[in-house]
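Top to bottom, those sequences are chains A and B. The opening position of the first sequence corresponds to residue 1 in the UniProt record's numbering, with each subsequent residue numbered one higher. The opening position of the second sequence corresponds to residue 1 in the UniProt record's numbering, with each subsequent residue numbered one higher. As structure tokens, the structure follows; a few thoughts come after it.
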Amino acid sequence: MFRYLLRRLNLFLATSLVMIGVLFYATGLFPVERTFALTGIHSPTASQLIQIEQDYKLDSNGFMQFIAYLQQRLSGNLGVSVTSHQSVTEELGTVLPASFELAVMAAVIAIGLGVPLGVLASQSQHKLTQNTIMAITLTGYSVPVFWLGLYLSLWFGVDLGWLPISGQLNLLYEIKPVTGFMLVDILLSDSEYRISAFKDALLHIVLPATTLAVLPFTVVVRSTRSAMMNVMNQTFIRAAEARGMHTNTIILRHALPNALIPVLKHLGLMLGSFASYAIVVEMIFSWPGVGSWLVSGIYQRDYTVIQGGILAVALLIIFLSILIEVLHTVFNPLSRKDLYASN
Amino acid sequence: MSGLLVACGPQRLPSGLVYCSEGNPESFNPQLVTSGTTIDATSHQIYSRLVDYDALSGQLVPALATSWAESDDGLSYRFTLRENVKFQHSSRFTPSRDFNADDVLFSFNRIIDKHHPYHGVSRTGYPFFQSIGFSEQVKSVEKINDHEVIFRLARKDASFLSNLATDFAVILSSEYADQQLALGHPENLDHFAIGTGPFTLVHYAKNEYIRYRRNPDFWGEPAKVDMLVYDITPKSTVRLAKLIAGDCSVSALPKAGELPVIKQHEQLSIESQPGLNVAFWAFNTQKPPLDDVRVRRALAYAVDKQNILRAVYQNTAIEAIGVLPPASWAYDSNKKLLDYNPQKARDLLKEAGINNLSIDIWAMPVARAYNPNALKTAELIQSDLANIGVKVNIISYDWSVFSQRLSRDEYDSVLIGWNADNSDPDNFFTPLLSCSAMQSNNNRSRWCNKEFDAILDRAREVSTQAERKEIYQEAEAFLAEQVPMLSLAHAKRVALTRSDIHDMQLTPFGGISFAQTSQTIQEKN
Chain A
1 MFRYLLRRLN LFLATSLVMI GVLFYATGLF PVERTFALTG IHSPTASQLI
51 QIEQDYKLDS NGFMQFIAYL QQRLSGNLGV SVTSHQSVTE ELGTVLPASF
101 ELAVMAAVIA IGLGVPLGVL ASQSQHKLTQ NTIMAITLTG YSVPVFWLGL
151 YLSLWFGVDL GWLPISGQLN LLYEIKPVTG FMLVDILLSD SEYRISAFKD
201 ALLHIVLPAT TLAVLPFTVV VRSTRSAMMN VMNQTFIRAA EARGMHTNTI
251 ILRHALPNAL IPVLKHLGLM LGSFASYAIV VEMIFSWPGV GSWLVSGIYQ
301 RDYTVIQGGI LAVALLIIFL SILIEVLHTV FNPLSRKDLY ASN
Chain B
1 MSGLLVACGP QRLPSGLVYC SEGNPESFNP QLVTSGTTID ATSHQIYSRL
51 VDYDALSGQL VPALATSWAE SDDGLSYRFT LRENVKFQHS SRFTPSRDFN
101 ADDVLFSFNR IIDKHHPYHG VSRTGYPFFQ SIGFSEQVKS VEKINDHEVI
151 FRLARKDASF LSNLATDFAV ILSSEYADQQ LALGHPENLD HFAIGTGPFT
201 LVHYAKNEYI RYRRNPDFWG EPAKVDMLVY DITPKSTVRL AKLIAGDCSV
251 SALPKAGELP VIKQHEQLSI ESQPGLNVAF WAFNTQKPPL DDVRVRRALA
301 YAVDKQNILR AVYQNTAIEA IGVLPPASWA YDSNKKLLDY NPQKARDLLK
351 EAGINNLSID IWAMPVARAY NPNALKTAEL IQSDLANIGV KVNIISYDWS
401 VFSQRLSRDE YDSVLIGWNA DNSDPDNFFT PLLSCSAMQS NNNRSRWCNK
451 EFDAILDRAR EVSTQAERKE IYQEAEAFLA EQVPMLSLAH AKRVALTRSD
501 IHDMQLTPFG GISFAQTSQT IQEKN
């Protein structure tokens, strides 16, 4: 197991290195001066220029430059934003938590509703129930997110006026950022409007989280269903039935834990699509997360923000994919069999 | 979850006003810019000026100067300053003294004195002041005592007081400036602004919001709302949606096509006011073949303005026959100088010996009061010009990139416009088309004509309105002859509000002000 973990870590480092290498190469392709693309400082003073040349070893060969670039980036120096002149790392620190908050809410909705519905679909004897659930999930899977987001905001926001459709919170509530997670910060704050602000923040997150949850939700339902049907035909389930165990116990104790393993793998494979999905959702609902920050950076030709955003998102996806694979191995004895055989 | 929400009772909202604005300000000091977005966010909220224009009567009224006197020869102006005016304080700065003559000296010397330690802090220069030749016009600003200053001019200028009343001529704190300079961060002065206006800047989060609080020590009538928030929302449809959903109470610059939607929602209302503005199509007169006046005139004849009024403004604007809008006192409705005539345009091009002309039109990416949709305008012009055999490429970038590249002088022509800062007609000519405006990159036509500058100088030296009107009409005729740019339309200023907002004052010129705006308190369920 130790060797396995070591190899995964190795994979993570190697992939990240290649990714940063590509990013480094791409930085040179931006149609601006190299010092500007690297640091975001438009017209540096003489002393700044010397500092930049030292930091990025601009007078030595490409390989040394890459090493210097790597050092700067990994020590957290992502340069300053071209438009706001603030440190990109700081800006990332304010936008990443907002994205996490949205992602966690969406994951809660997708898994909390998706798993039970998947089990229901697999256990139902009625063709009608099964087909209905499948039809709904197939529709959800196929609907383009930009259309769904816009229509949800049109129905619930504009026509019915039930839910706010953009931002994280009514801006009149003044919440001091402590952790960066809005809901947590509101609870930590000592504002007299704390309770109303918390409700307002919850209302704001409903539509974006629901929109973002649709795709993973359908994936969860469909893969839970097929995995459950697969597991329920296994001999150990029939043995349990033969012992006279209650169906609910069989499903919850014996079938579901086994069925969730392939669901996990499915989710892991789709992380990349979820991320691009999230960027679109953030744009539609003006959610102040890393996605809308990155897109506005692209519009404003903010080269340092573009690099910082891509670096953060890509590292996160690589890390999470590998984490899910590791979890999959930990929970699935069958995949460990391969491992032992190969070692 | 809805059960939980109901259980907690009605929702309480802090008192305040949210304004959905259209973009990020470039700076928090209006001296350094000409963009309306920055003016809206700073000038009337954070700062005050020496004198102000009364929004309704258009007359000059006292602000930080309580009275002023012009010398007989018109070459010096003496101002008596208001006493007991306090500067705002922030986490960075606590003022130790009241506003006095040093602050006035600092605010203007920074602009006119090239050796002033703060002069070079601005990377963008002082575009408005450069465009009107302010540093040549003002010889010196002198302090008589703590509450009296005197401005000495190089030549007589009827528009001088009007220029001091513009949104750009704000008063900064000299004490704060010295403190930041000593700390080695002079740029903080323009970023973490301190002024004497009705609101104090609290926090600015790029792409998200600007938060202000009421300034309790404001010298005038204190602001009606405790808090003012600018919700930065570049998309016009999103601003409308936020207004309907109640996330903002006032929304900027609606597109004309959205106005019918407002009428379906009874809680919304439209504020509008004929504006002192002009949308125009400026030709880069230094770039061939646009340096040939025949080509420029041909292009001007080819554009069907009525079509633009219908499609872009949905008939909410007035066709421009010259630079001056009907709301200006120097306007004359009888003179229509350039009409729509494609045949004439083709003849002129033939005469100039130009075939297969292809030009770029740069279209502003943001909605402005004078042109809600420059891209659509560009498309209409594209099809008009196709009629006379001219090919058009439309070019657009995000605003910050757009304005940067525009100052690099590499464009053929640009669709942009001008919002007047005061009611003086000079404000339409000198900042846009004079030679000094060319040095500050505000002259989008890059057109410098000594003869035209002489006309403008003459108009500033006489003082009766009737005489000045005549000279400005002469200027208009000269422009119609030379066509450095084609004026398209004069738009109304429009803002959308929720109906619990009162006294939202739109003025024909200048930036928006929330000092007097109030809101009926109501509980939101």
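In this text, a Cβ means the ideal position worked out from N, Cα and C, and glycines have one as well.
Under 9 Å by beta carbon: chain A residues contacting residue i
i                 : result
Gly-125 (chain B) : None at all; the shortest Cβ gap to chain A is about 14 Å.
Thr-517 (chain B) : Residues of chain A passing the Cβ test: none, with the nearest at roughly 14 Å.
Contact list for residue i against chain B, beta-carbon separation under 7 Å
i                     : result
Asn-248 (chain A)     : What Asn-248 (chain A) touches in chain B: nothing, since even the nearest Cβ is about 27 Å away.
residue 351 (chain A) : Residue coverage of chain A in this structure runs from 1 to 343, which leaves residue 351 (chain A) outside it and unanswerable.
Ser-296 (chain A)     : Asn-207
Reduced DSSP secondary structure (H/G/I, E/B, other) of residue i
i                     : result
Cys-435 (chain B)     : helix
Lys-156 (chain B)     : coil
Thr-94 (chain B)      : coil
Leu-260 (chain A)     : helix
Leu-163 (chain A)     : coil
Ala-515 (chain B)     : coil
Pro-274 (chain B)     : strand
Arg-78 (chain B)      : strand
Gly-3 (chain B)       : Its pLDDT being 39, under 50, Gly-3 (chain B) is placed unreliably by the model, and the measurement read from it follows with that caveat. In this structure, Gly-3 (chain B) counts as helix in the three-state DSSP scheme.
Val-417 (chain B)     : Note that residue 417 (chain B) is Gly in the sequence shown, not Val. Note: Gly-417 (chain B) maps to strand in three-state DSSP.
Asn-371 (chain B)     : coil
His-203 (chain B)     : strand
residue 554 (chain B) : Because chain B in this structure spans residues 1 to 525, residue 554 (chain B) falls outside the shown range and cannot be described.
Thr-430 (chain B)     : helix
Glu-187 (chain B)     : coil
Leu-488 (chain B)     : strand
Reference residue i; option with closest CA among the options
i                     : options                                    : result
Ala-245 (chain B)     : A:Met-270, A:Gly-161, A:Val-313, A:Met-1   : A:Gly-161
Leu-153 (chain B)     : B:Tyr-340, B:Ser-71, B:Tyr-331, B:Thr-42   : B:Ser-71
Val-220 (chain A)     : A:Leu-29, A:Ala-107, A:Ile-41              : A:Ala-107
Val-80 (chain A)      : A:Ser-60, A:His-42, A:Pro-164              : A:His-42
Ile-250 (chain A)     : A:Ile-50, A:Val-119, A:Leu-13, A:Asn-61    : A:Val-119
residue 531 (chain B) : B:Gln-45, B:Trp-418, B:His-44, B:Pro-62    : A query on residue 531 (chain B) cannot be resolved here, the shown segment of chain B reaching from 1 to 525 and no further.
Ser-159 (chain B)     : B:Glu-481, B:Gln-439, B:Asn-422            : B:Asn-422
Arg-368 (chain B)     : B:Leu-324, B:Asn-356, B:Ser-251            : B:Ser-251
Trp-68 (chain B)      : B:Phe-402, B:Ser-21, B:Ala-165             : B:Ala-165
Ile-324 (chain A)     : A:Leu-267, A:Val-143, A:Ser-273, A:Ser-99  : A:Leu-267
Ser-487 (chain B)     : B:Val-278, B:Ala-205, B:Asp-113, B:Glu-481 : B:Val-278
Gly-114 (chain A)     : A:Ala-103, A:Thr-35, A:Ile-133, A:His-328  : A:Ile-133
Asp-55 (chain A)      : A:Val-158, A:Asn-77, A:Glu-91              : A:Asn-77
Partners in chain A for residue i, counting only beta-carbon separations shorter than 8 Å
i                 : result
Ile-244 (chain B) : Gly-157, Val-158, Gly-161
Thr-233 (chain B) : Ser-166, Ser-286
Arg-498 (chain B) : Those do not exist, as Arg-498 (chain B) stays about 12 Å from chain A at its closest Cβ, beyond 8 Å.
Gly-16 (chain B)  : Leu-172
Tyr-209 (chain B) : Leu-171
Val-366 (chain B) : By Cβ distance, chain A contributes nothing, its closest Cβ being about 12 Å from Val-366 (chain B), past 8 Å.
Residue i, buried or exposed, once every other Cβ within 10 Å from all chains shown has been counted against 16
i                 : result
Gln-59 (chain B)  : exposed
His-204 (chain A) : buried
His-502 (chain B) : exposed
Asn-131 (chain A) : exposed
Trp-362 (chain B) : buried
His-115 (chain B) : exposed
Gly-125 (chain B) : buried
Asp-54 (chain B)  : exposed
His-254 (chain A) : buried
Lys-199 (chain A) : buried
Glu-192 (chain A) : exposed
Closer than 8 Å at the beta carbon, the chain B residues around residue i
i                 : result
Ser-153 (chain A) : Ala-241
Thr-83 (chain A)  : Asn-24, Lys-206, Ser-400
Distance between beta carbons of residue j and residue i, contact taken as under 8 Å
i                 : j                 : result
Arg-12 (chain B)  : Gln-267 (chain B) : In fact, because the Cβ distance is near 20 Å, the residues do not count as touching under 8 Å.
Gln-130 (chain B) : Ser-436 (chain B) : 6 Å
Ser-43 (chain B)  : Val-170 (chain B) : 6 Å
Tyr-370 (chain B) : Ala-491 (chain B) : 5 Å
Asp-412 (chain B) : Ala-352 (chain B) : Actually they are not in contact, since the Cβ atoms of Asp-412 (chain B) and Ala-352 (chain B) sit about 16 Å apart, beyond 8 Å.
Ala-150 (chain B) : Ser-135 (chain B) : It should be noted that the sequence gives Ile, not Ala, for residue 150 (chain B). Not really, about 17 Å apart at Cβ, beyond 8 Å.
Within chain A, partners of residue i - CB distance below 7 Å
i                 : result
Arg-12 (chain B)  : Tyr-193, Ser-196
Val-238 (chain B) : Ser-166, Ser-286
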